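Residue numbers (my numbering): 4 to 339.
Structure (structure tokens):
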């Protein structure tokens with residue numbers, strides 16, 4: 004797999020950032036080709052499947068990592084709102100490319116627009132004292148209206164290929180979009196790793212976090228911006244319509260069997276990865292849309308987790324804690 008030297012993402016100062024990511028993609032593709040020769044798996048013979056699997060594995064970590072915080076904050080629907088504004092960002096990128104011939108990746112514009120929308124959700128809630136679901140509904144409808152308006156203008160054939168963004172498509176995961184996803188993956192993992200204790204504290208007790216000196220509004224904004232990054236990254240194979248499911252369903256399944264926040268987070272990652280791997284395999288051989296199959300597999304795993312949770316309770320084992328009642332170690336939740 005050779006990357007063309009004139010790819011827009013490799014020009015200028017971004018070359019230092021994305022260059023290693025393209026190198027990693029080539030290394031990953033080589034590994035997948037070796038696995039294909041060793042095992043004879045047909046789906047691993049194609050470059051687009053190498054990238055799709057890598058993107059899926061990254062999503063399987065990022066989505067439940069952020070989704071766990073969102074679910075325990077009762078912000079599960081924010082993923083849906085940001086997915087629709089991410090679609091508006093894609094439409095903006097396609098429009099600019101058609102009108103000005105900028106050659107910018109639609110996923111880059113989607114990241115920018117989704118992050119702006121994430122901040123707007125927080126700002127609307129703070130400025131108007133509206134509930135989060137009200138601000139999310141406003142941003143969702145505005146974002147999708149902007150996207151559909153730009154698509155309807157149909158500048159330079161803008162409406163062509165929109166289905167891949169609505170429903171996701173394994174074959175359209177390009178090197179550029181995979182590199183963007185890897186960059187988002189590094190940022191999300193890095194930020195959560197550095198601010199985990201503070202995010203955990205704010206998640207379960209905003210009042211105590213504010214009294215202790217933490218900037219609650221800053222960490223809330225950080226969380227919604229990270230959510231925007233995950234949503235845009237997952238949009239590649241899940242599509243706008245189904246992307247929010249990966250933030251919620253694995254976490255909901257993990258909450259049925261886990262006994263602590265950390266355990267819930269780890270289990271949700273395992274469940275998400277299982278759903279992604281099985282979903283991609285079934286969709287490839289069944290010639291179905293990957294996003295839909297992945298969600299169906301995830302929901303099936305959730306049902307199994309519910310049954311296992313009920314069996315745990317029936318046999319006298321300690322069940323998973325109720326949402327918001329997890330005991331957090333003081334040193335773990337401290338802002339220090």
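All C-beta atoms in this analysis are idealised placements derived from N, C-alpha and C, irrespective of residue type, glycine included. Predicted model only: the values in this text are computed from it and were never measured.
Residue of 108, 81 and 215 minimising C-alpha distance to residue 122 = Locating residue 122 in the chain shown gives position 119, where the first residue counts as 1. Measuring from the Cα of residue 122, the nearest candidate turns out to be 81.
So which of 57, 64, 47 and 125 has the shortest CA-CA distance to residue 193?
-> Counting from one through the chain shown, the residue named residue 193 turns up at place 190. Closest by alpha carbon: 64.
Collapsed DSSP secondary structure at residue 318 in the structure displayed | Your numbering for residue 318 matches position 315 in the chain shown. Per DSSP, reduced to three states, the secondary structure at residue 318 is coil, with no helix or strand assignment.
Per-residue burial, residue 43 [other beta carbons within 10 Å of its own, 16 or more giving buried] | Here residue 43 refers to the residue found at position 40 when the chain shown is read from its first residue. With fewer than 16 Cβ atoms within 10 Å of its Cβ, residue 43 is classed as exposed.
Taking residue 150 and residue 84 to be in contact with their CB atoms under 8 Å, please state how far apart those CB atoms are, rounded to whole angstroms.
-> Walking along the chain shown from the start, residue 150 turns up at place 147. Walking along the chain shown from the start, residue 84 turns up at place 81. At roughly 13 Å, the Cβ-Cβ gap does not stay under 8 Å, so residue 150 and residue 84 are not in contact.
List the endpoints of the continuous alpha helix (DSSP H) containing residue 263.
-> Taking the first residue of the chain shown as position 1, residue 263 is located at position 260. From DSSP, residue 263 is part of no alpha helix (DSSP H); its letter is neither H nor E.
Taking only the alpha-carbon atoms, compute the straight-line gap between residue 257 and residue 303 and give it to the nearest angstrom.
-> As a first step, residue 257 must be located in the chain shown, where it is residue number 254. As a first step, residue 303 must be located in the chain shown, where it is residue number 300. Cα to Cα, residue 257 sits roughly 13 Å from residue 303.
So what does DSSP say about residue 313, is it helix, strand or coil?
-> To locate residue 313, count along the chain shown from 1; it is residue 310. Helix at residue 313.
Beta-carbon proximity check, residue 183 vs residue 272, cutoff 9 Å | Within the chain shown, numbered from 1, the residue matching residue 183 stands at position 180. Within the chain shown, numbered from 1, the residue matching residue 272 stands at position 269. No, Cβ-Cβ distance for residue 183 and residue 272 is not below 9 Å.
Residue 312 to residue 155, Cα distance in whole Å?
-> As a working mapping, residue 312 is identified with position 309 in the chain shown. As a working mapping, residue 155 is identified with position 152 in the chain shown. Going by the C-alpha atoms only, they are around 48 Å apart.
Can you list, in chain order, the residues of its chain whose CB lies under 6 Å from that of residue 159, leaving out five sequence neighbours each side?
-> By 1-based counting over the chain shown, the position of residue 159 is 156. Reliability of the predicted coordinates at residue 159 is poor, the pLDDT of 48 falling under 50, and no value is obtained from them.
Could you give the C-beta distance for residue 51 and residue 220, rounded to a whole number, given that I count them as a contact under 8 Å?
-> Within the chain shown, numbered from 1, the residue matching residue 51 stands at position 48. Within the chain shown, numbered from 1, the residue matching residue 220 stands at position 217. Not a contact, Cβ separation roughly 42 Å.
Contacting residues, own chain, Cβ-Cβ under 7 Å from residue 181 (five flanking each side not counted) = Here the question's residue 181 lines up with position 178 in the chain shown. 28, 54, 57 and 58.
Own chain residues within Cβ distance below 8 Å of residue 251, not counting five before or after = The count along the chain shown starts at 1 and reaches residue 251 at position 248. Contacts found: 70, 73, 74, 79 and 82.
On a CA-only basis, which of 97, 146, 131 and 106 is nearest residue 119? Give me that one, please.
-> Your numbering for residue 119 matches position 116 in the chain shown. That would be 146, whose Cα lies nearest to the Cα of residue 119.
Kindly give me the distance between the Cβ atoms of residue 1 and residue 283, rounded to whole angstroms, as I take these residues to be in contact under 8 Å.
-> Lying outside 4 to 339, the shown extent of the chain, residue 1 is not represented and no answer is given.
Return the chain-ordered list of same chain residues with a C-beta closer than 7 Å to the C-beta of residue 218, the five sequence neighbours on each side being excluded.
-> Counting from 1 along the chain shown, the entry for residue 218 is found at position 215. None.
Alpha carbon to alpha carbon, how far is residue 126 from residue 96? Give it in angstroms, no decimals.
-> The residue labelled residue 96 in the question sits at position 93 within the chain shown. The residue labelled residue 126 in the question sits at position 123 within the chain shown. The alpha-carbon atoms of residue 96 and residue 126 are separated by roughly 25 Å.
Among the residues of its own chain, which have a CB less than 6 Å from the CB of residue 153, if the five just before and after it don't count?
-> Here residue 153 refers to the residue found at position 150 when the chain shown is read from its first residue. If we look at residue 153 and ignore the five residues flanking it on each side, its Cβ neighbours are 94 and 98.
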